[in-house]
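Colleague: For the sequence shown, my numbering gives the first residue as 74, with consecutive numbering after it. Glycine included, C-beta positions come from ideal geometry on N, C-alpha and C. Since the structure is predicted, the reported quantities are computational estimates derived from the model, not experimental observations.
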Amino acid sequence: MAAPAFIHTVTTETSKAPVERRSSSERIVRMREALLAAPYEGDIERARYYTRAYKCSEGQGPCLRAAKGLEETLRRMTIWMEEDSRLVGHKSAKRVAGPLGIERTFVDRVNLIALPFHGRGIEALAWLENGHGANSRWLQELLHMPEEEIREMKEEIIPYWKGRNMAGLMQARWREAGLTTQERPVPVVAGVADMQGHVTIGMKKVLEKGFRGIAAQAADRLKALPKEEPEYQRRKDFLESVLVAAEAVCAFSERYAALAEERAMQAPEPRRSELLEIADRCRRVPALPPRTFIEAVQSVWMTQVVMTISYGEDSIFCPGRMDQLLFPFYRRDREAGRITPEEALEILEEYFIKLAHYNGFGPNNITIGGVDRQGNDAVDAISYMMLEALYRLKGPRNGLAVRISPVTPRAFLLKACEVHRRTAGIAFYNDTVAIRDLMADGYSLEDARDYSVVGCAELAGTGNNNGYCSGSTCHFERVIEAALNEGRLYAAQWAQVGAKTPSVSEMKTFEDVKAAFAAQLSHAVEMMVRLSDIKDEIFAEHFPTPLISSTIEGCIESGKDITQGGAKYNHSTVSAHGLATVVNSLAAIQWAVFEEKLLTLEALVGHLRNNFKDAEDWRLLLQRKAPKYGTHDPRADAIAVWVTELLDQESRKHKRPLDGGTYRGLMISAGGQVLAGHALGATPDGRLAREPVSNGMSPANGTDTQGMTAVFHSAAKACQAKLSGGTALNLNLNPLSLKDDEALEKMAALIEGFFEMGGRQVQFNPMSREMLLDAQKNPANHTDLMVKVSGYSYRFVDLSKALQDDIIARTEFAL
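#1: Is there at least one non-hydrogen atom of the ligand FAD closer than 7 Å to the beta-carbon of residue 243?
#2: Are residue 318 and residue 466 closer than 8 Å when you measure CB to CB?
#3: In chain order, what residues of the same chain have a beta carbon less than 8 Å from the beta carbon of residue 836, not counting five sequence neighbours either side?
#4: Using beta-carbon positions only, say whether residue 896 and residue 277 come within less than 8 Å of one another.
#5: For residue 287, which residues in the same chain have their Cβ closer than 6 Å to its Cβ, ignoring the five residues on either side in sequence?
#6: Compare the C-alpha of residue 443 against each of 274, 637, 482 and name the closest.
#7: What runs of the beta strand (DSSP E), each 3 residues or longer, lie entirely inside the region 608–693?
#8: When you compare each of 164, 833, 414 to residue 475 by their alpha carbons, which one comes out closest?
#9: Taking buried to mean at least 16 other C-beta atoms within 10 Å of its own C-beta, is residue 518 buried or exposed?
#10: How long is the line joining the alpha carbons of residue 870 and residue 843, rounded to whole angstroms?
#11: Inspect the beta-carbon positions of residue 646 and residue 540 and report whether they are closer than 8 Å.
#12: Starting from residue 474 and walking both ways along the beta strand (DSSP E), at which residues does that stretch end?
#13: Evaluate residue 138 with the Cβ neighbour count: other Cβ atoms within 10 Å of its Cβ, from every protein chain shown; 16 or more gives buried, anything less gives exposed.
#14: If you count every other CB in all the chains shown that lies within 10 Å of the CB of residue 449, and 16 or more means buried, which is it?
#15: Please report the Cβ distance between residue 538 and residue 384, rounded to the nearest whole angstrom; I am assuming they are in contact, meaning their Cβ atoms lie under 8 Å.
#16: Rounded to whole angstroms, how far is the Cβ of residue 649 from the Cβ of residue 262, which I believe are closer than 8 Å?
#17: So what's residue 740 in DSSP terms, helix, strand or just coil?
#18: Work out the CA separation of residue 677 and residue 440 for me, nearest whole Å.
#19: I'd like the list of long-range same chain contacts for residue 97, defined as Cβ closer than 8 Å, with 5 residues on each side in sequence excluded.
#20: Checking 8 Å against the spacing of the C-beta atoms, do residue 725 and residue 735 come in under that value?
#21: Would you tell me roughly how many angstroms separate the C-alpha atoms of residue 368 and residue 358, rounded to the nearest one?
#22: Measure the alpha-carbon distance for residue 582 versus residue 748 and round it to whole angstroms.
#23: On the criterion of 16 or more Cβ atoms from any shown chain inside 10 Å, does residue 739 qualify as buried, or is it exposed?
#24: In whole angstroms, give me the CA-to-CA distance for residue 682 and residue 756.
#25: Report the start-end ranges of each beta strand (DSSP E) in the region 781–843 that is 3 residues or longer and not cut off at the edges.
#26: Using a threshold of 8 Å, state whether the C-beta atoms of residue 634 and residue 619 are closer than that.
#27: To the nearest angstrom, how far is it from the Cα of residue 796 to the Cα of residue 118?
#28: Which runs of the beta strand (DSSP E), 3 residues or longer, sit entirely within the region 752–777?
#29: Would you list the residues sitting across from residue 531 in a DSSP beta bridge?
#30: If I'm right that residue 460 touches residue 821 with Cβ under 8 Å, what's the distance once you round it to whole angstroms?
#31: In three-state terms, what does DSSP make of residue 106?
#32: Expressed to the nearest angstrom, what Euclidean distance is found between the alpha-carbon atoms of residue 729 and residue 219?
#33: DSSP three-state label for residue 391, please.
#34: Starting from residue 485, trace the alpha helix (DSSP H) both ways and give me its first and last residue.
#35: Taking the alpha-carbon positions, what's the residue 562 to residue 508 distance?
#36: Going along the chain, which residues of its own chain have a beta-carbon closer than 7 Å to the beta-carbon of residue 881, five neighbours each way excluded?
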């Protein structure tokens, strides 16, 4: 459909629209400025109330314990609202603070949090400095909490969860299974890094039924549950927990209604009327189905708030296809004369600002565009409004997953390209490839067409799957090192931790090297699957999520929590990163050792073990002359196809014992390329030990010397493998390249061409190297500078310096 007239973007006259006609209202400007000025803070309320509830519920079923923890928290936590807000609900008592998910996160958060309280704050920060530094400011704020909260953490909360939280239980089970030891408690060839909370909420169900309707569905299922049904008690525990959780959500919204009425008593007009309207909305939604556009947005937002509280700050509960969800309400309001386009846009801008109040990754990824379940173009007025909201706000921590199909209007693609004149935050997805890949996972054609993007760039069903999308990792970047060292790794002080493969002296051909690589990858994936299966068991036994499950198709119907196999679709992910580092390393071996015979494989491995000491000439030769991924070199591209298809094959060999779900491959770094490189020795591509590896599907920094089209050719070939977990291709783009309409047409044509070749996903950072360096030097001048890290968007000034340096080092392309 055509873009709404007020956006002025239907034709290439986009850039000629006066800026004044596209600025946010004074209300939105105030809210945005308050967000950008807000400090990162620590908040222990969720940890406090969950701990109290769990102490009181020992011996009860795990689903009921989780629901009672949520109930206690929603009943007692501090609530507040901004002076300008019309959408209400906050995940914590502070503006930018996370609800502390002390019981269920994967990092041993109990020990990490304990460090600042025992005088070891620097040690806690050091854990995050090499890549996952996004949360380091939050850890610092733990040191500035009130003395009574520090005492409570030290004496009550931390001691209770030691050995009871997710990380403690996993470590104990891993040791029992012989996967780790006391001396080496952390797996080396593989690891569990995914989050239970990576899922797309069943938001359509919330809007159609409301939580009272969901509770009624659970009550009916409970009433009909025969006692002779298999796992009767477990199913009963789950269904009863849904009733508790759903009622807790309704009561939480009622608390906001009462707060709004209290505020209205002292407020002048017109704010008094707004507050009374807020009270009416909070009594209606999300308990009941919304009737209007603003009720629908309020319902969506409050649902995201309570989902996040139910899990904790590391949750990533994305709302799914927001344009498809909201457009019917907008259309009815427009037809009834209840709303104007500018009023609707202002509400969406406020929603975006609310989403940005997260100091972790948060539920910020929204999916728009693409096709509907019948394969027709799904772009609507809300699709355009979402783009315009991102443009006006300069994307404060928000991500838009823009789906592009063969029937997507050109105007919509141009509009998405135009947003890059102001900010990052958009990632483009190829519907044709995504739908193909999800069908390989067992999705029906209709459900595959209805996919959403969750987390960074992970593909997921919408409200019908349990995907653990973030992905446990097989440490893909370490596989090449293990293959060249008989399974020994730098990260293990060269101990034997991988598969036992032949020494390099026995490798007479490049096929021998590939065979060793394949054996090491198979071992790493198998180890990861064993670790992940134990993780799944612990989630099902100890940390189910009844509130989330209540919205997911299949859970109430089967009487099973999402962690217990209740969803319609189930799968886990084998995460990998460093594709270019691996491909370039194999290509360097093929070229230097077996084709040109410049040195022996033994000599090359000797240089790697010595970190190229006294061999700088060799390092530079390998770095500059060997074939490189991202340059459209057929030698490197063939290796890229081989390794990605190998990852896909090795992943799909495995099924989840809990529910028979598929394991699937993923190629996203999520900022971890710096941390991964820190634990890796020198590699045959000329990279030195402890330097970052390449990120996601992107070329290694500085090696993509043949232009953007060459990068697209290489990446499209690597996308032949059905890595349905998702991939991220990050490219830096000089912002001056987008100065006119012709440039937008070029950008759109490049994206279309990449997708026609079979590319899966691409995203751009429209910032110059000079701008990024200045932001690093003068962060106070760039508090709203948003960058794409690796799928997710983040404020550049809040990233660790190591991760900032890695982004700055990416090649800057021009159109």
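Modeller: Reading it off the structure:
#1: The ligand FAD is absent from the structure shown, which contains no ligands of any kind.
#2: As a first step, residue 318 must be located in the sequence shown, where it is residue number 245. As a first step, residue 466 must be located in the sequence shown, where it is residue number 393. No, these two residues do not count as a Cβ contact at 8 Å.
#3: Here residue 836 is taken as the residue at index 763 of the sequence shown, counted from 1. Excluding sequence neighbours, residue 836 sits near 497, 499, 500, 501, 530, 801, 802, 803, 804, 861, 864.
#4: Here the chain covers residues 74 to 888 and nothing more, so residue 896 does not appear.
#5: Translated into positions along the sequence shown, residue 287 becomes position 214. Beyond the five residues adjoining it in sequence on each side, residue 287 comes within less than 6 Å, by CB distance, of 319, 623 in the same chain, given in chain order.
#6: Numbered from 1 along the sequence shown, position 370 holds the residue referred to as residue 443. Of the candidates 274, 637, 482, the one whose C-alpha sits nearest the C-alpha of residue 443 is 482.
#7: 642–649
#8: Position 402 of the sequence shown holds residue 475. The shortest C-alpha separation from residue 475 is found at 833.
#9: In the sequence shown, residue 518 corresponds to position 445, counting from 1. Classification for residue 518: exposed.
#10: The residue given as residue 870 occupies position 797 in the sequence shown. The residue given as residue 843 occupies position 770 in the sequence shown. Taken atom to atom, the span from the alpha-carbon of residue 870 to that of residue 843 is near 14 Å.
#11: Counted from its first residue, the sequence shown places residue 646 at position 573. Counted from its first residue, the sequence shown places residue 540 at position 467. Cβ atoms of residue 646 and residue 540: closer than 8 Å.
#12: Along the sequence shown, one-based indexing puts residue 474 at 401. Element bounds for residue 474: 472–477.
#13: To locate residue 138, count along the sequence shown from 1; it is residue 65. Result: buried.
#14: Locating residue 449 in the sequence shown gives position 376, where the first residue counts as 1. Residue 449 is exposed by the Cβ-count criterion.
#15: Translated into positions along the sequence shown, residue 538 becomes position 465. Translated into positions along the sequence shown, residue 384 becomes position 311. Rounded, the Cβ-Cβ distance is 17 Å, inconsistent with contact.
#16: Within the sequence shown, numbered from 1, the residue matching residue 649 stands at position 576. Within the sequence shown, numbered from 1, the residue matching residue 262 stands at position 189. Contact flag wrong, Cβ pair sits at about 13 Å.
#17: Here residue 740 is taken as the residue at index 667 of the sequence shown, counted from 1. Residue state, collapsed to three classes: strand.
#18: Start at 1 with the first residue of the sequence shown, and residue 440 comes out as number 367. Start at 1 with the first residue of the sequence shown, and residue 677 comes out as number 604. Residue 440 and residue 677: Cα-Cα distance of roughly 46 Å.
#19: Here residue 97 refers to the residue found at position 24 of the sequence shown. Correct list, in chain order: 105, 419, 422, 465, 466.
#20: What you label residue 725 is simply residue 652 of the sequence shown in a count that begins at 1. What you label residue 735 is simply residue 662 of the sequence shown in a count that begins at 1. With contacts defined by Cβ atoms closer than 8 Å, residue 725 and residue 735 form a contacting pair.
#21: Residue numbering aside, residue 368 sits at position 295 when the sequence shown is read from its first letter. Residue numbering aside, residue 358 sits at position 285 when the sequence shown is read from its first letter. When rounded, the distance between both Cα atoms is 7 Å.
#22: Position 509 of the sequence shown, counting from 1, holds the residue named residue 582. Position 675 of the sequence shown, counting from 1, holds the residue named residue 748. About 33 Å.
#23: By one-based count along the sequence shown, residue 739 stands at place 666. Counting other Cβ atoms within 10 Å of its Cβ, residue 739 reaches 16 or more and is therefore classed as buried.
#24: Numbered from 1 along the sequence shown, position 609 holds the residue referred to as residue 682. Numbered from 1 along the sequence shown, position 683 holds the residue referred to as residue 756. About 9 Å.
#25: 803–806, 834–838
#26: The residue you call residue 634 lines up with position 561 of the sequence shown. The residue you call residue 619 lines up with position 546 of the sequence shown. Contact: yes.
#27: Your numbering for residue 796 matches position 723 in the sequence shown. Your numbering for residue 118 matches position 45 in the sequence shown. Spanning the two alpha carbons is a distance of roughly 40 Å.
#28: none
#29: For the purposes of this step, residue 531 is taken as residue 458 along the sequence shown, with counting starting at 1. Secondary-structure assignment with DSSP links residue 531 through a beta bridge to 527.
#30: The residue given as residue 460 occupies position 387 in the sequence shown. The residue given as residue 821 occupies position 748 in the sequence shown. So it is not a contact: roughly 13 Å between Cβ atoms.
#31: The sequence position of residue 106 within the sequence shown is 33, counting from 1. Here residue 106 sits in helix by DSSP.
#32: What you label residue 729 is simply residue 656 of the sequence shown in a count that begins at 1. What you label residue 219 is simply residue 146 of the sequence shown in a count that begins at 1. If you take the alpha carbons of residue 729 and residue 219, they lie about 45 Å apart.
#33: Sequence index remark: in the sequence shown, residue 391 carries index 318 (1-based). The answer is strand: DSSP assigns residue 391 an E or B state.
#34: Counted from its first residue, the sequence shown places residue 485 at position 412. Its alpha helix (DSSP H) spans residues 483–492.
#35: For the purposes of this step, residue 562 is identified with residue 489 of the sequence shown, where counting begins at 1. For the purposes of this step, residue 508 is identified with residue 435 of the sequence shown, where counting begins at 1. One alpha carbon belongs to residue 562, the other to residue 508, and they sit about 38 Å apart.
#36: Indexing the sequence shown from 1 puts residue 881 at position 808. Cβ within range, chain order: 842, 845, 846.
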